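Take a look at the structure set out below.
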Amino acid sequence: MLHYNAMEKRFFTIFAAFVMFGTAITASAAPKSAAMALDTVRTTYDDGRISRIYTVKKGTDVREGVALSYHPNGKLAVEAPYRDGKLDGVLRSYDENGKLRETVGYLDGEEEGFSIVYFENGRRKSRETYRRGVLNGVSETWDENGKLRRQIPYENGQVHGVYKSFDEMGVIEEDMNFVRGIRNGTYHRYAFGKVVFEAEFKDNRCVKNCNF
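Here the sequence shown stands for residues -29 to -1, 1 to 183, where the numbers follow mature numbering (1 follows the signal peptide of the UniProt record, and there is no 0).
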C-alpha cells in the first residue's frame, strides 16, 4: 500500500520552544549601529535562566536578527533568523542534549530550499524541498541506519512523478507514477529488486490487476 502523504506530516515541531518557554520578560536597548537601532528582549525561566533572547527594531515589536531560544537546562533549543519581522535564513532546532534535530530554510517568511530532520544519531531522517512555501522537488526519508526508504517527487505541492519506496536494505519495493497528485500509469511491486506484480491506474483508479 502506498503512503505517499507521509512526508506531508512534519516530524518535529520547531516552534514549540517559542510558545512553551519563558515567564519573565525584560527589554534593553542594544547598541546603535549605523544601519539600524535595535532593542534586545529577554525572557527567563522562574529560576532566572534565559529562555529566549531576540532583538526588535527600536520602539517596535518587529523582530530583526537571530532569535535564540533555550531549553531549561541551558542548552540552545532554536536559532531563528528574522528580517523585517519575518523568518529569513536557516532556522535550526536542537534537542536538550544540544544535537541538531532540524534545519528549515526561509525566505521572506516562507519556507524556501531544504527542510531537513535528523535522528538523534545525527543521520538524516527526512529532507524536503520548498519553493515559496510549497513543496517542490524530491522529498526523501531514511531510516536510522542511513538507508533510503522513500522518494516522493513534488511539483507545486502535489505529488508529480514516480513515487518510490525501498526496503531496509535500500532495495526498491514499489513504485507508482503520479500526475499532479493523481495516480496515473503503472504501479510496480518488487522482490529482491525484480518486478513481481504490476497494476494499471487511470485518474486515481485501478483499471488492471486490481487484486492487491
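Cβ atoms here follow ideal geometry from the backbone N, Cα and C, with glycine treated the same way. Just so you know, these numbers come straight off a predicted model, no measurement behind them.
Check                                                                                                                                                                    : Outcome
Comparing C-alpha positions only, which one of Ile143, Leu106, Arg98 and Tyr41 sits nearest to glutamate 67?                                                             : Tyr41
DSSP on asparagine 127, reduced to helix/strand/coil?                                                                                                                    : coil
Going by DSSP in three states, lysine 165 sits in which element: helix, strand or coil?                                                                                  : strand
Once you ignore the five residues that flank leucine 71 on each side, which residues in its own chain have a CB closer than 7 Å to its CB?                               : Arg63, Tyr65 and Tyr89
Would you list the one or two residues that DSSP bridges to glycine 52?                                                                                                  : Note on residue identity: the sequence assigns proline, not glycine, to residue 52. The partner list for proline 52 (beta bridge, DSSP) reads Val37.
Please identify the residue among Lys46, Glu144 and Val130 whose C-alpha is closest to the C-alpha of serine 136.                                                        : Glu144
Going by beta-carbon coordinates alone, are arginine 23 and leucine 9 separated by less than 8 Å?                                                                        : no
Helix, strand or coil for tyrosine 134, going by three-state DSSP, please let me know.                                                                                   : strand
Please return the same chain residues whose Cβ sits closer than 6 Å to the Cβ of threonine 74, not counting the five positions on each side in sequence.                 : Val61, Arg63 and Ile87
State the DSSP-derived secondary structure class of methionine 147, mapped to helix, strand or coil.                                                                     : strand
Could you work out which residue in Asn155, Gly30, Phe85 and Arg34 is closest to tyrosine 101 when comparing CA atoms only?                                              : Phe85
Using DSSP bridges, identify the partner residues of glutamate 82.                                                                                                       : Tyr77
What do you reckon, are the CB atoms on tyrosine 16 and proline 43 nearer than 8 Å?                                                                                      : yes
Just to confirm the assignment, what range does the beta strand (DSSP E) spanning threonine 14 have?                                                                     : 9 to 15
By how many angstroms is the C-alpha of asparagine 182 removed from the C-alpha of valine 142?                                                                           : 24 Å
State buried or exposed for phenylalanine 163, treating a residue as buried only when at least 16 other CB atoms are found within 10 Å of its CB.                        : exposed
Spatial neighbours of lysine 173 within its chain, please: CB distance less than 8 Å, with the 5 preceding and 5 following residues excluded, ordered by chain position. : Asn155
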